[in-house]
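Novice: In terms of numbering that gives the first Met the number 0, the sequence shown has 289 at position 290, counting the first letter as 1, and numbering is strictly consecutive. Built from N, CA and C at the ideal position, the CB exists for glycine as well.
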Amino acid sequence: MGISNLFGTEIVNSKRQPEFDLCKTLCIGLMILCHVFYVIEFDNIVGFNPTYISYNLVRLLGAPFFMFSMGVGLAYTRKDSAKHCLHRGLMLLFMAYLLNFLREVLPWILFGEYPLFGKLMTQDKLLMFLSGDILHFAGLAFLFFAIVKYFKWSTTKTLIITLFITAIGAFCLNEFSVKIQINNFYLSFIGLFIPIKNFTVNDYVCYSFTNWLLYPVTGWVFGRALKKCKDVNKFYKYLFWVMTPIFLLSWAAYDANGGNIWFILTNSFVYHQQNPIIMAIYLNIIIIALSIAHPISNYFGKFKIWSIIKHFGQELPTLYFVSWVIIGWIGAWLKYHDTYLPNTLKNIVSVYVFVLILSEMFIYLKNKLKSRNNDKCSTPPSQDSVPVNKEVPVLK
0 MGISNLFGTE
10 IVNSKRQPEF
20 DLCKTLCIGL
30 MILCHVFYVI
40 EFDNIVGFNP
50 TYISYNLVRL
60 LGAPFFMFSM
70 GVGLAYTRKD
80 SAKHCLHRGL
90 MLLFMAYLLN
100 FLREVLPWIL
110 FGEYPLFGKL
120 MTQDKLLMFL
130 SGDILHFAGL
140 AFLFFAIVKY
150 FKWSTTKTLI
160 ITLFITAIGA
170 FCLNEFSVKI
180 QINNFYLSFI
190 GLFIPIKNFT
200 VNDYVCYSFT
210 NWLLYPVTGW
220 VFGRALKKCK
230 DVNKFYKYLF
240 WVMTPIFLLS
250 WAAYDANGGN
260 IWFILTNSFV
270 YHQQNPIIMA
280 IYLNIIIIAL
290 SIAHPISNYF
300 GKFKIWSIIK
310 HFGQELPTLY
320 FVSWVIIGWI
330 GAWLKYHDTY
340 LPNTLKNIVS
350 VYVFVLILSE
360 MFIYLKNKLK
370 SRNNDKCSTP
380 PSQDSVPVNK
390 EVPVLK
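1. Taking only the alpha-carbon atoms, compute the straight-line gap between S68 and Y237 and give it to the nearest angstrom.
2. Tell me which same chain residues have a C-beta within less than 8 Å of the C-beta of F398, skipping the five on either side of it?
3. On the criterion of 16 or more Cβ atoms from any shown chain inside 10 Å, does V350 qualify as buried, or is it exposed?
4. How should K23 be labelled, buried or exposed, when 16 other C-beta atoms within 10 angstroms of its C-beta is the threshold for buried?
5. With burial defined as no fewer than 16 other Cβ atoms inside 10 Å of the residue's Cβ, what is the status of T8: buried or exposed?
6. Excluding the 5 residues flanking S381 on each side, which residues of the same chain have their C-beta closer than 6 Å to its C-beta?
7. Note down the Cα distance separating A145 from G138, rounded to an integer number of angstroms.
8. Between F208, I108, F93 and W219, which has its C-alpha nearest T155's C-alpha?
9. Count the other C-beta atoms from every protein chain shown that fall within 10 angstroms of the C-beta of V324, then say buried if there are 16 or more, exposed otherwise.
10. Would you say M94 and Y214 are within 8 Å of each other, going by their C-beta atoms?
11. Quick one, are the C-beta atoms of T161 and V216 less than 8 Å apart?
12. Please report the distance separating the alpha-carbon of T209 from that of L264.
13. From W305 to L126, what distance separates their C-alpha atoms?
14. Is the beta carbon of G72 less than 8 Å from the beta carbon of M30?
15. Would you report the Cα separation of L191 and S358, rounded to the nearest angstrom?
16. Check G131 in the structure and name its three-state DSSP category.
17. Considering only DSSP beta bridges, list what F6 is partnered with.
18. Quick check on K301: buried or exposed, where buried means 16 or more other Cβ atoms within 10 Å of its Cβ?
19. At 4 residues or longer, and completely inside the segment 312-389: list those alpha helix (DSSP H) runs for me, N to C.
20. With respect to the alpha helix (DSSP H) encompassing F299, which residues constitute its N-terminal and C-terminal limits?
21. Alpha carbons only, please: which of I27, T76 and I10 is nearest the one belonging to I307?
22. Tell me where the alpha helix (DSSP H) around F65 begins and ends.
23. Let's see if you can read the secondary structure: which residues bound the alpha helix (DSSP H) around F208?
24. Run through DSSP, which three-state label would I304 get?
25. Can you list, in chain order, the residues of its chain with a C-beta nearer than 7 Å to that of I39? Leave out the 5 residues immediately preceding and following it.
26. By DSSP, does I195 sit in helix, in strand, or in coil?
27. At what residues does the alpha helix (DSSP H) containing W152 begin and finish?
28. Let me confirm a value: V352 is counted as buried when at least 16 other C-beta atoms fall within 10 Å, else exposed. Which label applies?
29. Helix, strand or coil for V11? Go by DSSP, reduced to three states.
30. For V204, list the residues DSSP reports as bridge partners.
31. Tell me the rounded alpha-carbon separation between S207 and A288.
32. Per DSSP, which one or two residues make a beta bridge with I27?
33. CB-CB under 6 Å to N274, same chain, minus the five flanking residues each way: which ones, in chain order?
34. Leaving aside the five residues before and after P17 along the sequence, list all residues of the same chain whose C-beta is less than 6 Å from its C-beta, in chain order.
Shown next, in the form of structure tokens:
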């Protein structure tokens, strides 16, 4: 079957895609590990150590993959109307600012000094509350899709508009710079939409809308194509053998011109404020990762242990939110007692396991309450009821 014959007009691949669960589980594990280092005294020195490895691996397949995966999930869900996207976007923005309050402002109020971020913001709690992170961008992305769905834009039109928005982001990144001031509240709102030099890396806004929109939109397009793919195994084989040489050639081209692609991809400034070239490289890495994860997930998906992978993939948003709150309070408690945790393997593992256990306890209670509420709301079916098909599983 040639590449042109891999796709049809009917939806033939509507099941949950396990390769996304595998990649998301690896990413969330590394991401929480990276966040743990905010409460452990460390030096991010190049070398074979947990800090360096976790920070740079999660940058290769972290936030870009999460946003790409979010777009795929939107392509698979039935709840993709403008109303649903608007509701999800507003809820994500609410959760984002709630996280700012619980992780940053409330510990600051109770303990007297903010423990983790924003040295330039330590005199103003409101500015810390207004800072932007990945959840803020996710909310804006869903609001964008609400517009797409409301006006019924085609895939092609949506891509063209997204590329135009990305070009605006690239222009702003090159042209706009500000003098960082403590009371620049308005910059937090501007930074949510356009990138500003020397701005995002100072913990005001880490993911600007025009800089990152390309990831969920390309994920959405990828998901729409994947649903109509007749042979997913062959599709991923094609992707691997096409995208891998492109990535290696890009790496070689950077090195030949005196650059260092590894430094570029793992640099904090470049990671948060990406230009279109860097985005293309990251998208290449995402596709290669999925093409490798697909055969692995096909093999291990038959074992019971895969339920753990699926669980982490499904609970990613909750894990992100809860783990950050726990880490924020650990940092506040440590700073209140004027102490820190030395960078030892014992401390790293202890805090990491502690955060995971508490997060899992919260997830268990959340699902228990949700199940109990569903049981209360459900009513026994009548004899005249007609069975309906179950909803298609979606990528969350």
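Specialist: In short:
1. Within the sequence shown, numbered from 1, the residue matching residue 68 stands at position 69. Within the sequence shown, numbered from 1, the residue matching residue 237 stands at position 238. Using only the alpha carbons, I get a separation of about 20 Å.
2. Since the first and last residues shown for the chain are 0 and 395, residue 398 lies out of range.
3. In the sequence shown, the residue the question calls residue 350 occupies position 351. So V350 counts as buried.
4. Position 24 of the sequence shown, counting from 1, holds the residue named residue 23. Classification for K23: buried.
5. In the sequence shown, residue 8 corresponds to position 9, counting from 1. Exposed.
6. For the purposes of this step, residue 381 is taken as the residue at position 382 of the sequence shown. At S381, the pLDDT of 48 sits below 50, so the modelled position is not reliable and the matter cannot be decided from this model.
7. In the sequence shown, counting from the first residue as 1, residue 145 sits at position 146. In the sequence shown, counting from the first residue as 1, residue 138 sits at position 139. Counting only the Cα atoms, G138 lies some 11 Å from A145.
8. Sequence index remark: in the sequence shown, residue 155 carries index 156 (1-based). Looking at the Cα atoms, W219 is the closest of the given residues.
9. Walking along the sequence shown from the start, residue 324 turns up at place 325. That one is buried.
10. For the purposes of this step, residue 94 is taken as the residue at position 95 of the sequence shown. For the purposes of this step, residue 214 is taken as the residue at position 215 of the sequence shown. At the C-beta level, M94 and Y214 stay beyond 8 Å of one another.
11. One-based indexing of the sequence shown puts residue 161 at position 162. One-based indexing of the sequence shown puts residue 216 at position 217. Against a cut-off of 8 Å, the Cβ pair of V216 and T161 comes out as a contact.
12. Taking the first residue of the sequence shown as position 1, residue 209 is located at position 210. Taking the first residue of the sequence shown as position 1, residue 264 is located at position 265. Roughly 19 Å between the two C-alpha positions.
13. As a working mapping, residue 305 is identified with position 306 in the sequence shown. As a working mapping, residue 126 is identified with position 127 in the sequence shown. Looking at the two C-alpha atoms, the distance is approximately 42 Å.
14. In the sequence shown, counting from the first residue as 1, residue 72 sits at position 73. In the sequence shown, counting from the first residue as 1, residue 30 sits at position 31. The beta carbons of G72 and M30 sit no closer together than 8 Å.
15. Sequence index remark: in the sequence shown, residue 191 carries index 192 (1-based). Sequence index remark: in the sequence shown, residue 358 carries index 359 (1-based). Whole-angstrom Cα-Cα distance: 28 Å.
16. Counting from 1 along the sequence shown, the entry for residue 131 is found at position 132. Strand, per DSSP.
17. Counting from one through the sequence shown, the residue named residue 6 turns up at place 7. Under DSSP, the beta-bridge partners assigned to F6 are C228.
18. The count along the sequence shown starts at 1 and reaches residue 301 at position 302. Exposed is the label assigned to K301, since fewer than 16 other Cβ atoms lie within 10 Å of its Cβ.
19. Entirely contained in the segment 312-389, the alpha helix (DSSP H) runs reaching 4 residues are, in chain order, 315-335 and 344-376.
20. Mapped onto the sequence shown, residue 299 falls at position 300. From DSSP, the alpha helix (DSSP H) with F299 extends over P275 to F299.
21. Taking the first residue of the sequence shown as 1, we reach residue 307 at position 308. Among I27, T76 and I10, the Cα nearest to that of I307 belongs to I27.
22. Here the question's residue 65 lines up with position 66 in the sequence shown. F65: member of the alpha helix (DSSP H) spanning A62 to Y75, first to last residue.
23. Position 209 of the sequence shown holds residue 208. First-last of the alpha helix (DSSP H) with F208: F208 to W211.
24. To locate residue 304, count along the sequence shown from 1; it is residue 305. The three-state secondary structure of I304, taken from DSSP, is coil.
25. Walking along the sequence shown from the start, residue 39 turns up at place 40. When the five nearest sequence neighbours on each side are left out, the beta carbons in the same chain lying within less than 7 Å of the beta carbon of I39 are those of L340, N342, N346, I347 and V350, in order along the chain.
26. As a position in the sequence shown, residue 195 is number 196, starting the count at 1. Reduced to three states, the DSSP call for I195 is coil.
27. The residue labelled residue 152 in the question sits at position 153 within the sequence shown. Run containing W152: none; DSSP gives neither H nor E here.
28. Working through the sequence shown from its first residue, we reach residue 352 at position 353. By the 10 Å Cβ count, V352 comes out exposed.
29. Mapped onto the sequence shown, residue 11 falls at position 12. V11: coil per DSSP, three-state reduction.
30. Locating residue 204 in the sequence shown gives position 205, counting from the first residue. Beta-bridge pairing links V204 to G131.
31. Within the sequence shown, the letter at position 208 stands for residue 207. Within the sequence shown, the letter at position 289 stands for residue 288. For S207 and A288, the gap between their C-alpha atoms comes out near 25 Å.
32. For the purposes of this step, residue 27 is identified with residue 28 of the sequence shown, where counting begins at 1. Looking at the DSSP assignment, I27 forms no beta bridge with any residue, so it has no partner.
33. Walking along the sequence shown from the start, residue 274 turns up at place 275. A169, listed in sequence order.
34. Start at 1 with the first residue of the sequence shown, and residue 17 comes out as number 18. Apart from sequence neighbours up to five positions away, the residues of its chain that approach P17 with a beta-carbon distance below 6 Å are S296 and G300, ordered along the chain.
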